[in-house]
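Take the sequence shown: its letters are residues 72 to 254, numbered as in our numbering. Ideal placement from N, C-alpha and C gives every residue a C-beta, glycine not left out. Predicted model only: the values in this text are computed from it and were never measured.
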Amino acid sequence: MNRDGFTLLGMGFTGKKALEFKLKYIEAFNQMEAQIKIDTKNLSPELQMFKGLFDSLAKQELATNQLDKKVDSISEIVALNTTDWRKDSRTLINKIAQAQGGYGAYKEIQSAIYTELERRGKVNLKTRQTNKRRRMADEGVCKSTRDKLSKLDVINDDNKLIEIYTAIVKEFAIKYGVWNEEH
Numbered sequence: 072m073n074r075d076g077f078t079l080l081g082m083g084f085t086g087k088k089a090l091e092f093k094l095k096y097i098e099a100f101n102q103m104e105a106q107i108k109i110d111t112k113n114l115s116p117e118l119q120m121f122k123g124l125f126d127s128l129a130k131q132e133l134a135t136n137q138l139d140k141k142v143d144s145i146s147e148i149v150a151l152n153t154t155d156w157r158k159d160s161r162t163l164i165n166k167i168a169q170a171q172g173g174y175g176a177y178k179e180i181q182s183a184i185y186t187e188l189e190r191r192g193k194v195n196l197k198t199r200q201t202n203k204r205r206r207m208a209d210e211g212v213c214k215s216t217r218d219k220l221s222k223l224d225v226i227n228d229d230n231k232l233i234e235i236y237t238a239i240v241k242e243f244a245i246k247y248g249v250w251n252e253e254h
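Rendered as structure tokens:
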């Protein structure tokens, strides 16, 4: 078990004996940590050099792995296409919301995406939504179905808007660094 595991286990207990255990545990671990640091200082210059090289290589490997993960994630984001755009966009927006602190941010992010879509596409989604509801009413579609009509349904009617919407979602996903979080 590593330090974090012991800390989690030991710090979960309460009471006088638990406090004594925690203090002894912290002291023992600090002594072990200090001993490890001291031992490396007593190594020969050659071994210290190798240790430095290994530490440097380990840091470099971690950085490379993080970069690979970032590139893979961005590649997945860029690969988003318009075939299953609603599901893929929803997944990315959920990840963006999580990266921004939780699903409470979902509405704000979606609103920002719609605002950007209206700016780039030079459209008013609310007006298009209202017009489509009127056309549906003229066609005899029931009120409950008309009320369920979303802005995404309006976007779905225009291939240009689908392209713009997916591009914006991709940009937001990259901007908010969805690869930094485990989802």
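Proximal residues to residue i (C-beta, below 8 Å), its chain only, five neighbours per side dropped
i: Leu220; result: Gln200, Lys203, Arg204 and Met207
i: Leu163; result: Ile148, Leu151, Val240, Lys241, Phe243, Ala244 and Val249
i: Ala168; result: Tyr174, Gly175, Ala176, Tyr177 and Ile180
Nearest to residue i (by Cα), restricted to the options the options
i: Lys241; options: Gly123, Ser127 and Ile180; result: Ile180
i: Thr198; options: Gly86, Ile235, Gln119 and Ile226; result: Ile226
i: Gln171; options: Lys87, Phe92 and Lys246; result: Lys246
i: Asp228; options: Val212, Gly211, Cys213 and Leu196; result: Leu196
i: Asp275; options: Ala129, Glu210, Asp209 and Trp156; result: Shown here, the chain extends from 72 to 254; a query on residue 275 therefore has no answer.
Cβ-heavy atom distance, residue i to the ligand MG, below 7 Å
i: Met120; result: Within the structure as shown, the ligand MG is missing, as the structure has no ligands at all.
Straight-line Cα distance separating residue j from residue i
i: Lys95; j: Phe121; result: 34 Å
i: His254; j: Lys166; result: In this prediction, His254 scores a pLDDT of 42, lower than 50, which makes its location untrustworthy; the coordinate-derived value is nonetheless stated afterwards. Using only the alpha carbons, I get a separation of about 7 Å.
i: Ala134; j: Leu114; result: 27 Å
i: Asp218; j: Gln131; result: 55 Å
i: Lys231; j: Asp139; result: 33 Å
i: Asp143; j: Gln137; result: 10 Å
i: Ile145; j: Ile97; result: 42 Å
i: Ala89; j: Glu104; result: 22 Å
i: Thr154; j: Arg161; result: 14 Å
i: Asp126; j: Pro116; result: 15 Å
i: Thr237; j: Asp209; result: 31 Å
i: Lys87; j: Asn101; result: 21 Å
i: Ile29; j: Ala129; result: Here the chain has residues from 72 to 254 only, and residue 29 is not among them.
i: Leu124; j: Val194; result: 58 Å
Where the alpha helix (DSSP H) containing residue i begins and where it ends
i: Gln171; result: From DSSP, Gln171 is part of no alpha helix (DSSP H); its letter is neither H nor E.
i: Ala208; result: Leu196 to Asp209
i: Tyr185; result: Tyr177 to Gly192
i: Val249; result: That residue, Val249, is in no alpha helix (DSSP H); it is neither H nor E in DSSP.
i: Leu223; result: Lys222 to Asn227
i: Lys214; result: Lys214 to Asp218
C-beta neighbour in chain B for residue i, strict 8 Å
i: Arg190; result: Absent here is chain B; the protein component of the structure consists of one chain.
Cut-off 7 Å between Cβ atoms - residues of its own chain near residue i, not counting five sequence neighbours on either side
i: Ile235; result: Leu188, Arg191 and Gly192
i: Tyr185; result: Leu196 and Lys222
i: Ala99; result: none
Give, in chain order, every unbroken run of the alpha helix (DSSP H) that is at least 4 residues long and sits entirely within the region 91 to 153.
116 to 149
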